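S.K.: Protein chains in written order, with my numbering: chain U, 40 to 299; chain C, 9 to 400.
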């Protein structure tokens, strides 16, 4: 089985995240960059499939030079090899332009049976990549999987929603995006860390993918950021004075917020 | 760009990508899996054995040894792991030091092939734990005066005596025990033995009522007619060279670990000073507090630089034991000073288990003494400078 796992290096959610004033894209210099945690769960799921049977796990990312740190982490967890699409022209790509790049890059890996991804990155939060990729590749996409089994050419997933659990099933090849509850990702072992630097990483530009600069990046994106404003500071909140009816007041507030 | 308060001189910028990955792996593991439970372990004077499996699967146990299931990292990586573990608690670093630098290193360096095959792979995973018996109640800085005896009886060896202050003694499946085989030869008669702890006559008694290193189990080992086969002895080493080579490894880990403890205390003090308000403003804004913060950050970064330099010397196989003494003496001393200063910044809160500072401070009193007292390391440096041993 041939598995591709999509990963993304994102600004650490603990650090201050900013957009740059110039082209209104992520200001990468302003924050620490880490492998998005949901991607670790996607890698973990691929490694579980690999350990249960026989699979080759390829990491795929599109990002600048420093995305190699995120690739190395995924490789140190146990993935076999990586493809890094690194091209200035991609800078500023929206979700659809990114999906085009990734779909082409998946095509370079060979006969892929399964593409695994996180359901939503902590930075862009479009949550659409798995669906878009499925569309571009012509494969089914099972999104928000909290449980996944792959056997006999079929992927079965469970998706939990507020209404209940959906059982999803598709024949391979397929795209699956995983949710927070799917697993607990392993820590990379020292042996894994030391082995990672010897694993092959193929670096590709968009020309290698048969794409033109006009199809990607800010120029090739349908979504443009016109302006942005920082989130307003947290307000003081609402104080409930307990005059013997504190519980009822809190319940009233929660009902008002549609939380209960 | 403003200096990072956690690494003011960007000492870690000199690390390789692989070393940084190992540092991050230990830091992530320790903060998620160990830090949340450390106060509870400390208060109840326990350390659950099951932490060994997690540490083993990460590759921490015997990480700088080659082969036999060990990760085979460089010395700098091992130092970084000690630093990040001791940033949580000295007891955790002690656990790893004893397993990797004392018990496993002794077997790896001095054991027969059969010893290595039997013990090292299981010790690397954490399935088997080891301890190291050199110190006795009446033989500390002067281990040559030990009274534990090993006598020949036919082909067998029979060991009698007692060892004191043995970390992990009550948990261990195997003890590396150093014993006098021939008192007429003085310290040259000392040899090392691989002792399975289920051998009849071997007992380990926990040392209770410790006020320091409470998230670590300490034992007295009692050996009463412990009968071992002829091949239980380390085949090729006699004299104090054997045990001292192991201590040198452990001291190396400690000089890194102390940086972690110091950093944790300083960071706790900085965070506290920023949020604690008196006279209508954060105490971090007062000059006396800023002096403390500045002195602490200098001490932490100097210790960090010392460790980094000694790591590079070790990786180049150019490290002299007196340089390890330099690091152990300087860094533990610095860490203790930082801990005491940090405690004053935290005021009354500084003496509670809610903050890490007092726990580190009491731990460091042990760290100052074990693996060569501050006094002995001073004399080791003195001897290296003058050629004159002041302790004999």
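Glycine included, each C-beta is placed from N, C-alpha and C at the ideal position.
These numbers come from a predicted model, not from an experiment.
Please compile the residues from chain U whose C-beta is within a distance smaller than 8 Å of the C-beta of residue 81/C.
M.R.: Chain U residues near residue 81/C: 229 and 233.
S.K.: Among residues of its own chain, excluding the 5 on either side of residue 151/U, which ones have a beta-carbon nearer than 7 Å to its beta-carbon?
M.R.: 41, 43, 145 and 212
S.K.: Grouping DSSP H, G and I as helix and E and B as strand, with all else coil, what is residue 313/C?
M.R.: helix
S.K.: Give me, in chain order, the residues of the same chain whose beta-carbon lies closer than 6 Å to that of residue 316/C; leave out the 5 immediate sequence neighbours on both sides.
M.R.: 19
S.K.: Pull out every residue of the region 113 to 143 of chain U whose Cβ sits closer than 8 Å to any Cβ of chain C, in chain order.
M.R.: 115
S.K.: Given this structure, state the Cα-to-Cα distance separating residue 156/U from residue 78/U, to the nearest angstrom.
M.R.: 6 Å
S.K.: Tell me whether the region 270 to 283 of chain C and the region 338 to 357 of chain C touch, counting them as touching only if at least three CB pairs, one residue from each stretch, are closer than 8 Å.
M.R.: yes
S.K.: Find the nearest neighbour of residue 305/C within the set 285/C, 324/C and 268/C, judged by alpha-carbon distance.
M.R.: 268/C
S.K.: Does the Cβ of residue 153/C have 16 or more other Cβ atoms within 10 Å, making it buried, or fewer, making it exposed?
M.R.: Burial is judged here by how many other beta carbons sit within 10 angstroms of a residue's own beta carbon; residue 153/C has fewer than 16 and is exposed.
S.K.: Would you tell me roughly how many angstroms separate the C-alpha atoms of residue 48/U and residue 257/U, rounded to the nearest one?
M.R.: 19 Å
S.K.: Measure the C-alpha to C-alpha separation of residue 254/C and residue 376/C and round it to an integer number of angstroms.
M.R.: 18 Å
S.K.: Check the C-beta distance from residue 37/C over to residue 226/U and give it rounded, since I have them as a contact under 8 Å.
M.R.: The pair is a contact, with the Cβ atoms about 5 Å apart (cut-off 8 Å).
S.K.: Would you mind working out which of 263/U, 140/U, 139/U and 113/U sits nearest residue 29/C, comparing C-alpha positions?
M.R.: 113/U
S.K.: For residue 72/C and residue 88/C, I'd like the C-alpha separation in whole angstroms.
M.R.: In a straight line, the C-alpha of residue 72/C is about 11 Å away from that of residue 88/C.
S.K.: Provide the residue(s) that pair with residue 286/C in DSSP beta bridges, ordered along the chain.
M.R.: 289/C
S.K.: If I follow the unbroken alpha helix (DSSP H) through residue 355/U, where does it start and stop?
M.R.: Look at the range of chain U in this structure, 40 to 299, and you will see that residue 355/U is not part of it.
S.K.: If contact means a Cβ-Cβ distance below 8 Å, which residues of the region 11 to 26 of chain C contact chain U?
M.R.: 25 and 26
S.K.: Around the C-beta of residue 107/C, are 16 or more other C-beta atoms found within 10 angstroms, so that it is buried, or is it exposed?
M.R.: buried
S.K.: Please state whether the Cβ-Cβ distance between residue 161/U and residue 170/U is less than 8 Å.
M.R.: no
S.K.: What does a CB cutoff of less than 8 Å around residue 345/C pick up in its chain, not counting 5 residues either side in sequence?
M.R.: 307
S.K.: Let me check one thing: in DSSP terms, what residues is residue 2/C bridge-paired to?
M.R.: With chain C running from 9 to 400 in the structure shown, residue 2/C is simply not present.
S.K.: Count the other C-beta atoms from every protein chain shown that fall within 10 angstroms of the C-beta of residue 262/U, then say buried if there are 16 or more, exposed otherwise.
M.R.: exposed
S.K.: Check whether the region 124 to 144 of chain C touches the region 89 to 97 of chain C, counting contact only when three or more Cβ pairs, one atom from each stretch, lie closer than 8 Å.
M.R.: no
S.K.: If you follow the alpha helix (DSSP H) that residue 133/C is in, where does it begin and where does it stop?
M.R.: 121 to 133
S.K.: How long is the line joining the alpha carbons of residue 60/U and residue 248/U, rounded to whole angstroms?
M.R.: 31 Å
S.K.: Residue 269/U: buried (16+ other C-beta within 10 angstroms of its C-beta) or exposed?
M.R.: exposed
S.K.: Give me the chain C residues within the contact set of residue 111/U, using Cβ-Cβ distance strictly less than 8 Å, ordered along the chain.
M.R.: 25 and 29
S.K.: Please list, in chain order, the residues of the region 104 to 116 of chain C that have any C-beta partner in chain U closer than 7 Å.
M.R.: none
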